[in-house]
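Each remark here refers to the structure printed beneath this line.
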Amino acid sequence: MTKPHLQLAQETIHLLAGKPGVSGYEYKLFPSLEQTFKPLVDDIYTDNMHNCYAVKNGYASNNQTVMLAAHSDEIGLMVTHIDSKGFIHFSPIGGIDDRTLLYQEVTVHGSRDLPGIISFQPDQTKSDKKKSVKLHQMAIDIGHSSEEAQSLVKPGDIVSINRATLDLLDQTIAGKSLDNRAGITVMAVCLSELNSIKHKHNVIAVTTVQEEVGLRGAQTSTEKLNPTIAVAIDVTHAQTIDAKNQVSIHLGKGPAITIGPNIHPTMHALLTACAQDNNLPYQVQAVAGPTGTDARIIQLSSFGIPTGLLSIPLRYMHTSVETVSLKDVVSCGKLLARFIAALPDDLEDISCS
């Protein structure tokens, strides 16, 4: 594990994770994506959905397209109304566990960015103290009266969670939106690695939008590119203190290579062989149905795209303290680069195998 790769991964996660990019509003992230990818690729552009495309050309004259996909959106909140006391009520965007929201610091993206905290009106009875607080009991306090709040905030405004990114021990990092800014970081490591490795085929790394609310950016970007093959990069649940035997993926033991009906068997075989040939750590994750990732919709696009899935082990998913190992991120990026460099001249051979 080289220091430059670890430094790139650490710096990229710190840059991206701290930025807001709630589903449907990922455009706020584009300046940071451009800063990340522009030194590594031949071209970078966006589309009407705010998917971002980073293009690295291959050397072969008859090259084909390899699509990489990692979603840029994060879970968040949307303002529904402001009550007579000035408290801001909200609904979730994406899958949020109510228990993780209480007393979080947030930013309300109103007519200007406003700091706030998520609060609730506590009941004083002992029986009520034992009950978990539900989403409808919470509201955001920005410190204003109703009239002042309504002049700054309106229904439909977006709310993002605030959390500093923390460097923990043993090259572990924690913060918000590592699902899936860690996946974008994998693509950055891969593209950096490809600067020193010859590769035949064009690589287009896409930061897809609205994954958390329906895989929408993956659908439109795959239809636009019609790649010959694709690899999605996302996160997967890693073992935690309360996971017992329900989770078989471990932090720090390499990316998970998915196998199952959502994944083309040759793509799984090539990724696995590449990890073995290059002595890169990996784990295998068996998913018997559709995965909850961009791979689900990429596979079904056009006439069907041979698709692989690499997943970064992550603890505490959909909280503001999502935790990953930088070593897993770097291993995943290096695996992806070596996989691309080893691809055959004609990628249609994969489609037919």
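For the sequence shown, the numbering used here begins at 1103 and goes up steadily by one.
Here a beta-carbon is modelled for each residue, glycine too, at the ideal position from N, C-alpha and C.
Residue i and residue j: beta carbons closer than 9 Å?
i	j	result
A1171	V1308	yes
V1124	I1177	yes
L1110	K1121	no
I1190	A1241	yes
L1416	D1281	yes
G1218	T1209	yes
V1311	M1151	yes
L1118	L1142	no
P1383	S1433	yes
D1269	Q1137	no
L1317	T1395	yes
I1115	T1267	yes
G1356	A1377	yes
M1440	E1295	The residue you asked about is not Met; residue 1440 is Arg in the sequence shown. Contact flag set, yes.
I1351	T1338	yes
L1463	D1200	Only positions 1103 to 1455 of the chain appear in the structure, and residue 1463 is not among them; the question remains open.
P1363	G1391	yes
Q1401	I1361	no
I1331	G1285	no
D1259	H1211	yes
L1373	L1445	no
Starting from residue i, follow the beta strand (DSSP E) in both directions and report where the run begins and ends.
i	result
M1169	T1167 to H1173
S1413	T1409 to L1416
H1339	I1331 to H1339
G1126	Premise fails: G1126 is in no beta strand (DSSP E) and is neither H nor E.
P1106	Run containing P1106: none in the beta strand (DSSP E); it sits in the alpha helix (DSSP H), K1105 to A1119.
D1396	Premise fails: D1396 is in no beta strand (DSSP E) and is neither H nor E.
D1243	M1240 to D1243
Look up residue i in the DSSP assignment and give the residues it is bridged to.
i	result
G1218	V1208
Y1384	According to DSSP, Y1384 bridges with nothing at all.
S1427	T1274
A1358	Q1385 and S1413
I1184	I1190
V1308	Y1155 and A1171
S1262	T1209
A1284	DSSP output for A1284 lists no bridge partner at all.
T1148	C1154
Take residue i as the anchor and find which of the options has the nearest alpha-carbon.
i	options	result
G1410	A1241, D1430, S1174 and V1389	V1389
G1277	P1446, S1422 and D1145	S1422
A1162	M1419, S1453, I1359 and D1447	D1447
I1275	S1427, L1118 and I1343	S1427
K1326	G1126, D1149, D1144 and T1182	D1149
I1414	D1451, S1298, M1289 and L1372	M1289
P1329	I1263, V1261 and A1320	A1320
E1450	L1296, G1391 and T1167	T1167
K1187	L1412, S1247 and V1305	S1247
A1251	H1173, T1182 and D1272	T1182
Could you have a look at residue i and say whether DSSP puts it in helix, strand or coil?
i	result
D1447	coil
K1158	strand
S1433	helix
L1268	strand
F1405	coil
D1199	coil
V1464	No information on residue 1464 is available, as it lies outside the stretch 1103 to 1455 that the chain covers here.
L1179	strand
D1344	coil
V1291	helix
P1141	helix
M1419	coil
E1249	helix
S1279	coil
E1313	coil
I1442	helix
S1453	helix
S1134	helix
L1353	coil
Along the alpha helix (DSSP H) that carries residue i, what are the first and last residues, could you check?
i	result
V1255	Where V1255 is concerned, there is no enclosing alpha helix (DSSP H), given that its DSSP letter is neither H nor E.
A1390	Per DSSP, A1390 belongs to no alpha helix (DSSP H) and is neither H nor E.
L1327	R1318 to L1327
I1367	Before going on, a small fix: residue 1367 reads as Pro here, not Ile. Looking at the DSSP string, the run of the alpha helix (DSSP H) that includes P1367 is P1367 to D1379.
Do we get a CB-CB distance below 9 Å when we pair residue i with the residues of chain C?
i	result
A1290	You won't find chain C in this structure, because it holds only one protein chain.
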